[in-house]
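Peer 1: Handing you this structure, nothing more for now.
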């Protein structure tokens with residue numbers, strides 16, 4: 006299942022319980038060629054937006070803020086799908102140069118290492134959105150709502166998430182009953198709660214993805 010990059014193993018009753026966490030989403034990586042997205046990520050509580058390009062928009066979102074669905078406006082966000090990295094880079098550069106006078110520091114909640122200081126702008130969301138629509142029409146590219154893209158991404162992994170959540174519940178139970186409190190990390194619980202929150206935030210019905218046991222666990226959190 007293409008849902009995570011970090012794996013931990015715990016031994017429960019002599020059986021290895023693999024804990025695949027959601028701290029990093031993995032998707033196929035290629036160099037130089039292939040589908041690349043120009044993204045517009047509007048900050049929800051300020052008139053700020055982030056412009057850039059990425060082959061892995063979800064990875065980029067999580068680098069900017071782990072709970073990206075709480076801080077970015079998914080409905081106003083846009084992803085313009087291009088066929089080549091060079092094409093995406095040119096579109097991004099044109100937008101950045103056009104609005105250079107509206108550059109702004111990133112929100113304090115964004116880690117310095119991920120911020121991209123020259124790519125944050127204030128007060129230009131309608132203009133940049135219109136420009137992306139214009140480019141999409143002119144070059145025959147697909148432009149999608151960020152929420153719609155994320156919903157499809159998670160929905161496409163719903164079968165795997167069902168089984169994954171059962172493994173997380175097993176790991177949570179094992180840690181509670183077998184690991185001293187001082188040594189408990191709660192990684193499986195954090196991952197399960199995070200993924201369920203993300204699925205709910207993008208508009209997916211949790212009951213259609215997760216088992217009843219996971220739904221009951223989340224209701225108690």
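Numbering (the working numbering), first residue to last: 6 to 226. No residue lacks a Cβ here, since even glycine has one placed at the ideal position from N, Cα and C.
How many Å lie between residue 68 and residue 117 at the Cα?
Peer 2: One C-alpha to the other measures close to 10 Å.
Peer 1: Between the stretch 75-95 and the stretch 171-187, do at least 3 Cβ pairs fall closer than 8 Å?
Peer 2: No: the two stretches stay apart, fewer than three of their Cβ pairs being nearer than 8 Å.
Peer 1: What do you get for residue 53, buried or exposed, if any count of 16 or more other CB atoms within 10 angstroms of its CB means buried?
Peer 2: Result: buried.
Peer 1: Smallest Cα separation from residue 105: which of 83, 224, 129?
Peer 2: Considering only alpha carbons, the answer is 129.
Peer 1: Would you give the residue range spanned by the alpha helix (DSSP H) that residue 169 belongs to?
Peer 2: First-last of the alpha helix (DSSP H) with residue 169: 163-183.
Peer 1: Taking the Cβ atom as the reference point for each residue, do residue 115 and residue 159 lie within a distance shorter than 8 Å?
Peer 2: No, Cβ-Cβ distance for residue 115 and residue 159 is not below 8 Å.
Peer 1: For residue 152, which residues of its own chain have a beta-carbon under 8 Å away from its beta-carbon, when the five flanking residues on both sides are left out?
Peer 2: Closer than 8 Å at Cβ, skipping near neighbours: 79, 80, 82, 207, 208.
Peer 1: Where does residue 114 fall in DSSP's three states?
Peer 2: Residue state, collapsed to three classes: coil.
Peer 1: DSSP on residue 79, reduced to helix/strand/coil?
Peer 2: Residue 79 falls in the coil class under three-state DSSP.
Peer 1: Only counting the same chain, and skipping five residues up and downstream in sequence, which positions put a Cβ closer than 6 Å to that of residue 166?
Peer 2: For residue 166, where only same-chain residues beyond five positions count, the Cβ hits under 6 Å are 214.
Peer 1: Under a Cβ-count criterion, where at least 16 other Cβ atoms within 10 Å of its own Cβ denotes burial, should residue 89 be classed as buried or exposed?
Peer 2: Residue 89 is exposed by the Cβ-count criterion.
Peer 1: For a test of the three-state rule: what should DSSP assign to residue 215, helix, strand or coil?
Peer 2: Coil, per DSSP.
Peer 1: Return the residue from the list 55, 132, 212, 223 that minimises the CA-CA distance to residue 194.
Peer 2: The shortest Cα separation from residue 194 among 55, 132, 212, 223 belongs to 223.
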